[in-house]
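Asks: After the structure tokens below, expect a handful of questions from me.
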Amino acid sequence: MGTILVRAEARGLLAARIVETEAYLPEVDSASHAYRGPTARNRSMFLRRGHAYIYLIYGAYHCLNVTSESEDVGAAVLLRAAEPLEGIGIMRRRRGTERVTDLLRGPGRLAEAFGLDRRQDGLDLCSNRSRLWLSAGAAPDAVGRSVRIGLSREVDRVLRFYERGSPFVSGPRRLNQCPATSGSRH
DNA sequence: AAGAAGATTCGCT
DNA sequence: GCGAATCTTCTTA
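Spelled out as structure tokens, the structure:
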């Protein structure tokens with residue numbers, strides 16, 4: 242949360258501040274793609290923390306995750322929404338909308354605006370040789386938490402985090418009015 | 001070899 | 001608010 246996602250393209254630089262995430266835990270989380278062990282699709286989820294795991298969902302949309310544990314442990318954070326900072330013209334063209342609050346609101350939209358697909362799966366997001374990387378940013382003042390969105394399993398786990406009051410956050414309004422948390426990193 | 005489900009989005013009612 | 005779109009992956013026969 243608050244970290245800046247950056248992509249360097251020939252056409253220009255894209256940058257956005259992460260305002261909504263979901264955690265997928267190792268071992269115990271049956272909603273995680275890694276739950277049944279590595280496969281061709283999810284193998285990058287077992288890379289060391291800081292790598293990209295990108296998958297195609299519903300035959301239409303890609304979702305970007307950042308791995309979060311040691312090598313060979315399957316765990317990641319799904320990037321669900323971000324606040325556009327730079328490259329807004331490129332994002333608008335890709336998304337086919339003018340509204341800045343609709344460019345990166347939702348995981349499929351975020352990946353589309355950044356032009357991401359399986360070709361970026363497995364990239365090291367902490368390497369200065371990558372054209373897609375993460376840059377430090379200030380954490381939000383108030384982080385709310387809720388259950389994860391769109392799942393049919395593990396529906397009670399409170400593992401979604403979002404910046405309170407942000408217009409760039411996805412999800413139904415009732416989930417975005419949870420009490421703020423403090424004192425821990427998200 | 002076939003079928004069901006899926007970490008979503010968009011358009012229509 | 002609800003259902004379709006769309007295709008890959010994993011599961012089951």
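Under my numbering, residues 242 to 427 are what the first sequence spells out, in order. Every residue gets a Cβ at the ideal spot worked out from N, C-alpha and C, and that includes glycine.
Under 7 Å Cβ to Cβ from Glu310, same chain only, skipping five residues before and after it: list those, please.
Replies: Closer than 7 Å at Cβ, skipping near neighbours: Pro267, Arg290, Ala316.
Asks: Quick check on Thr342: does DSSP put it in helix, strand or coil?
Replies: helix
Asks: Would you kindly check if the distance between the Cβ of Leu400 and the Cβ of Leu264 is under 7 Å?
Replies: It should be noted that the sequence gives Ala, not Leu, for residue 264. It is a contact, given that the beta carbons lie within the stated cut-off.
Asks: Where Ser393 and Ile245 are concerned, what is the direct C-alpha to C-alpha distance, given to the nearest angstrom?
Replies: Roughly 30 Å between the two C-alpha positions.
Asks: Determine whether the beta carbon atoms of Ser376 and Val247 lie at a separation below 7 Å.
Replies: yes
Asks: Under the DSSP definition of a beta bridge, which residues are partnered with Tyr296?
Replies: Cys304
Asks: Can you tell me which of the three DSSP states Leu246 falls into?
Replies: Taken through DSSP and simplified to helix, strand or coil, Leu246 comes out as strand.
Asks: Beta-carbon separation of Thr280 and Tyr294 under 7 Å?
Replies: No. Outside cutoff.
Asks: Are the Cβ atoms of Ala323 and Val384 separated by less than 7 Å?
Replies: no
Asks: Of the choices Arg284, Glu395, Arg340, Glu404, whose alpha-carbon is the least far from that of Asn306?
Replies: Asn306 has its Cα closest to that of Arg284, out of Arg284, Glu395, Arg340, Glu404.
Asks: When burial is assigned at 16 or more other CB atoms within 10 Å of the CB, is Ser368 buried or exposed?
Replies: With a threshold of 16 other beta carbon atoms within 10 Å, Ser368 falls short and is exposed.
Asks: So, is Pro413 buried or exposed, given that buried needs 16 or more other C-beta atoms within 10 angstroms?
Replies: exposed
Asks: So what's Phe402 in DSSP terms, helix, strand or just coil?
Replies: strand
Asks: Does Ser271 pass the burial test, meaning 16 or more other C-beta atoms within 10 Å, or should it be called exposed?
Replies: exposed
Asks: Residues bridged to Thr262 by DSSP?
Replies: Leu320, Phe402
Asks: For Tyr276 and Val269, what's the separation of their Cα atoms in angstroms?
Replies: 7 Å
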